[in-house]
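In my numbering, the protein residues as written are -8 to 126.
This report concerns only the one structure given below.
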């Protein structure tokens, strides 16, 4: 591999790692926001709270990925990889939120455990997707 290709691959991977860090922080923050909101709400409004949080998360994932795609496009690197990754992330996030809703509906008193399980699942998924994009 030529020296310039190695440098551009390293630069692309560095940008993706920065985006990964931002996404992981965002996932943690959104889940903490959700836990606070759930602790203040009644069990009857849990699903409404979770759905509102899901919308915020999806918006955040889209904006971070589009920002990364624009940066990569400007520097002439694989922006299409990021768009593909975003589709995968959005689908995974929707699935995880559906699982969370079902878990909370089944047992409203264990919502904390369900949110933590979803957060861990999201963190693993985001990290795995970023590793896949970098390889």
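No residue lacks a Cβ here, since even glycine has one placed at the ideal position from N, Cα and C.
- Here DSSP, grouped into helix, strand and coil, assigns residue 98 to coil.
- When only Cα atoms are considered, residue 71 and residue 80 end up about 14 Å apart.
- Close CB contacts of residue 105 within its chain, under the 7 Å cut and outside five residues either way in sequence, are with 91, 94 and 95 (chain order).
- Of the other Cβ atoms in all chains shown, fewer than 16 fall within 10 Å of the Cβ of residue 23; this residue is therefore exposed.
- With 16 or more other CB atoms across the displayed protein chains lying within 10 angstroms of its CB, residue 113 is buried.
- Classified as buried, residue 60 has 16 or more neighbouring CB atoms from the shown chains inside 10 Å of its CB.
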